[in-house]
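The next block holds one structure in the form of structure tokens; read it before the comments.
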Amino acid sequence: MGDFVEQRTCIKFCLRNKYSHADTLKMLGKAFGDQTMAQKNLYKWYNEFKAGRERIDKPRSGRPSTSTDVLQLETLLIVLEYNLPQFKLI
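According to the UniProt record's numbering, the residues represented by the sequence shown are 1 to 90, in order.
Right, dumping it as structure tokens:
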């Protein structure tokens, strides 16, 4: 069925604005049509957010994604230059 991150964001929004499960399902159906997640999945996410979950994405296993943050990359270059004198990019 695809990725439902956008719908999970909507569910979290509805919960915070005190919409019921049923009202949330109606609104998702109106907004996403036949691409709306199944009712059982909506209830599962609604209840997880109600229990305190903050993240809308699913936990992922394995190696974390590669960093592209400029500060982290500059720090990495400094560490590499310090530990490997032959490694000079700057």
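Cβ atoms here follow ideal geometry from the backbone N, Cα and C, with glycine treated the same way. A quick note: this is a predicted structure, and the numbers were derived from the prediction, not measured.
| query | result |
| --- | --- |
| Alpha carbon of Ala31 to alpha carbon of Leu77, nearest angstrom | 47 Å |
| Alpha-carbon to alpha-carbon, Ile56 and Phe4 | 9 Å |
| Backbone CA spacing between Gln7 and Glu81 [nearest angstrom] | 45 Å |
| DSSP-derived helix/strand/coil call for Met37 | coil |
| Helix, strand or coil at Phe4 [DSSP, three-state] | coil |
| Close beta carbons around Leu15, own chain, < 7 Å, minus the five adjacent residues each side | Tyr46, Phe49 and Lys50 |
| Beta carbon proximity, Lys40 to chain B, threshold 8 Å | Considering every chain present, this structure includes no chain B. It has just one protein chain. |
| DSSP state of Ala51 mapped onto helix, strand, coil | coil |
| Simplified DSSP state of Asp23, which is helix, strand or coil | helix |
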